[in-house]
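What follows is one structure encoded as structure tokens, with my remarks underneath.
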Amino acid sequence: MIQALAKPDAEYCWDFGIQFKTKPEMSIDDVTVLWDQDESPFFTVGRLTVKHQQINLDKQCDFCENLRFSPWNGLAVHRPVGALNRLRSVVYSLVGEYRHQKRRLNYQEPTGAERFD
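Using our numbering, the letters of the sequence shown correspond one by one to residues 3 to 119.
Next up, the structure:
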């Protein structure tokens with residue numbers, strides 16, 4: 003990723019999509035049941051675009067070591083649903099706490115005002 007984003011013309015995009023549960027038999031708890039995309043197509047609800055940048059500065063790396071990822075850090079209506087995702091919530095939290103304790107880091111939420119010049 004460091005080398006890829008260092009290229010002057012680098013630009014990578016990820017689309018985020020959702021499917022609507024259109025029938026009662028479409029389980030959100032049994033992940034082995036495939037949803038028919040003709041009956042429940044994916045809708046793009048967001049796009050993440052990452053452009054050229056240097057991402058290996060010491061200050062950036064130190065800051066990133068103190069982050070945790072969680073899809074539950076947003077609005078309640080946007081949180082993942084289903085039994086597997088409830089388990090992921092617990093696992094993400096425990097792994098994040100363990101990693102921070104092991105490295106003797108204090109967890110903090112990013113503010114968006116961080117600068118690494």
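No residue lacks a Cβ here, since even glycine has one placed at the ideal position from N, Cα and C.
- For the alpha helix (DSSP H) assignment, the uninterrupted runs of no fewer than 4 residues enclosed by the stretch 3-86 are, from N- to C-terminal side, 4-8, 60-67.
- Contact between His80 and Ala12 fails: their C-beta atoms lie close to 28 Å from each other, not under 8 Å.
- Pairing Asn87 with Ile4, the inter-Cα distance amounts to about 30 Å.
- Rounded to whole angstroms, Arg105 and Lys25 show a C-alpha spacing of 47 Å.
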